[in-house]
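Engineer: Right, I'll just put the structure down here and ask away after.
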Amino acid sequence: MQKTRIFGFLLVLMLLVLAACSSDNNKDSKKDATANDKTSDSEKTDVAATPSGKLVIYTGRDEAMVQKVIDQFNEKYPDIEVEFLTMGAQQILERLRGEKANPQADFWWGGTQSALIVGADEDLLHAWKPSFIDSIDAAHKDADGRWFGEMLLPEVIMINSDLLTKETGPQDWDDLLDPKWKDQILIRGVLASGTMRTIYSSMIVRQGADTPEKGYDWLLKLDANTKEYTQDPNALYLKLTRQEGSVSLWNLQDILLKKYTTDYPFDYIYPKSGAPILVDGVAVVNNAKNIENAKLFVEFLFEKGMVTQLANEYYQIPTRSDIDKAVMPEWYQELDLKTFDIDWQLMSEKEAEWMEHWDNNIKGRGKK
192 MQKTRIFGFL LVLMLLVLAA CSSDNNKDSK KDATANDKTS DSEKTDVAAT
242 PSGKLVIYTG RDEAMVQKVI DQFNEKYPDI EVEFLTMGAQ QILERLRGEK
292 ANPQADFWWG GTQSALIVGA DEDLLHAWKP SFIDSIDAAH KDADGRWFGE
342 MLLPEVIMIN SDLLTKETGP QDWDDLLDPK WKDQILIRGV LASGTMRTIY
392 SSMIVRQGAD TPEKGYDWLL KLDANTKEYT QDPNALYLKL TRQEGSVSLW
442 NLQDILLKKY TTDYPFDYIY PKSGAPILVD GVAVVNNAKN IENAKLFVEF
492 LFEKGMVTQL ANEYYQIPTR SDIDKAVMPE WYQELDLKTF DIDWQLMSEK
542 EAEWMEHWDN NIKGRGKK
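Residue numbers (the numbering used here): 192 to 559.
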């Protein structure tokens, strides 16, 4: 009888222990399930936060440089598919105008200050504040954050260094009007080029913007010495190399690129009276389909490491004022960026009018 009671007590005790173990196992299973759910949610959040989709860029930059930067961008953001189209700054502006109701581009990379001002005024550009905004001088960005200068482009006198030296070429803008340079000047087609429109407009400002007729007269005399207006930059480079002319007007960056990275016999003369220093910038397109990806690209492009890389490899003069000069290349440290006063807002307002007048009344008429 006593043995039976003891056995019964042990049996009850075993059942209680088994029940407790089962309860603990159920709790552990619920904890594991909850943990798994949390991990799954976290993973889902990470996936959702990973930038993906497309990015469409309209650019006036050198195609090889653009591709290299995009490749590096894709190393950081591999799930963003980047496409780009290369064209002149003025062509980009006109294309964005035509696509305003249904933007096809997300990012404008490489626009003149005048073109960007016009784009902002026409509500083509998105306003925002990137992380680097305080490092850009007020003169090199839009007050409302619709565009940001990426680099400075002094517009200078370009020469064939097989024919001329820095001492024997034209030393200043007015020297270009000397009859000795007749049929020696080659000019990239003006209307399609933001660079050339800026140079020509700044020459009008230099003569006195209140009386553009003086500037028109100056451009007429330049036309008299101009042998040809080439279709695009590549045609200009080829003809200058073939010695079909010895002088041109162009931006310093492209001249340095061709001088140091190709066999083109090019050099430059910095005009004694100063050069128009174009602010070449970027902008996110208003109502872009991939606006967040465009912002990511802007931030990437303005990272200090990328800024110094582009200065060393592509001769860019950055607008960021917080870059250590010691890490910049020797050619940059030797620059003396002398300029003359230009009312960029006025130029942006008058450029289309002035260039239309040049095209209709001056181009090709200086020799008549």
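Even for Gly, the Cβ is constructed at its ideal location relative to N, Cα and C. Quantities reported herein were computed from a predicted structural model and do not represent experimental measurements.
Nearest to D333 by CA position, among L354, D401, L344 and G310, is which residue?
Structural biologist: Nearest of L354, D401, L344 and G310 to D333, Cα basis: G310.
Engineer: Flag this pair as yes or no: are the beta carbons of A299 and V476 separated by less than 8 Å?
Structural biologist: In the sequence on display, residue 299 carries Trp and not Ala. Yes.
Engineer: Are the region 443-456 and the region 337-345 touching by the rule of at least three beta carbon pairs closer than 8 Å?
Structural biologist: The region 443-456 is in contact with the region 337-345.
Engineer: Name the DSSP bridge partner or partners of R379?
Structural biologist: Answer by DSSP bridge pairing, in chain order: T421.
Engineer: Quick one: what does DSSP say E358 is sitting in, helix, strand or coil?
Structural biologist: In this structure, E358 counts as coil in the three-state DSSP scheme.
Engineer: Distance check for I376 and L427, CA to CA, integer angstroms please.
Structural biologist: Cα-Cα distance, rounded: 10 Å.
Engineer: In angstroms, rounded to a whole number, what distance separates the CA positions of K430 and I553?
Structural biologist: Distance between the alpha carbons of K430 and I553: 23 Å.
Engineer: Going by C-alpha to C-alpha distance, which of W372, W364 and P370 sits closest to G391?
Structural biologist: It is Tyr, not Gly, that sits at residue 391 in the sequence shown. Per the Cα distances, W364.
Engineer: Where do the ends of the alpha helix (DSSP H) carrying T250 lie?
Structural biologist: Where T250 is concerned, there is no enclosing alpha helix (DSSP H), although the beta strand (DSSP E) it sits in stretches over G244 to T250.
Engineer: What first and last residue would you give for the beta strand (DSSP E) that runs through V438?
Structural biologist: Looking at the DSSP string, the run of the beta strand (DSSP E) that includes V438 is V438 to N442.
Engineer: For L487 and T530, I'd like the C-alpha separation in whole angstroms.
Structural biologist: Rounded to whole angstroms, L487 to T530 spans 33 Å at the Cα level.
Engineer: Classify K449 as buried or exposed, calling it buried when 16 or more other Cβ atoms lie within 10 Å of its own Cβ.
Structural biologist: Flag for K449 reads buried.
Engineer: Give a yes or no on whether the C-beta atoms belonging to L410 and W549 are separated by under 8 Å.
Structural biologist: For L410 and W549, yes; Cβs fall inside 8 Å.
Engineer: Under 8 Å, do L315 and L287 count as touching if we go by C-beta distance?
Structural biologist: Yes, the pair counts as a contact, with Cβ atoms nearer than the cut-off.
Engineer: If we count the other Cβ atoms within 10 Å of its Cβ and call it buried at 16 or more, is N293 buried or exposed?
Structural biologist: Burial call: exposed.
Engineer: Any heavy atom of the ligand PLP closer than 7 Å to the beta-carbon of E274?
Structural biologist: Only the bare structure without any ligand can be found here, which leaves the ligand PLP out of the picture.
Engineer: Along the alpha helix (DSSP H) that carries A502, what are the first and last residues, could you check?
Structural biologist: Looking at the DSSP string, the run of the alpha helix (DSSP H) that includes A502 is K495 to Y505.
Engineer: Determine the closest residue to E538 out of G399, I283 and D353, with distance taken between C-alpha atoms.
Structural biologist: Note that residue 538 is Met in the sequence shown, not Glu. It is G399.
Engineer: Could you check the C-alpha separation between N484 and Y249 for me, to the nearest Å?
Structural biologist: Roughly 14 Å between the two C-alpha positions.
Engineer: Confirm, please, whether the CB-CB distance from S384 to W535 is below 8 Å.
Structural biologist: Against a cut-off of 8 Å, the Cβ pair of S384 and W535 comes out as no contact.
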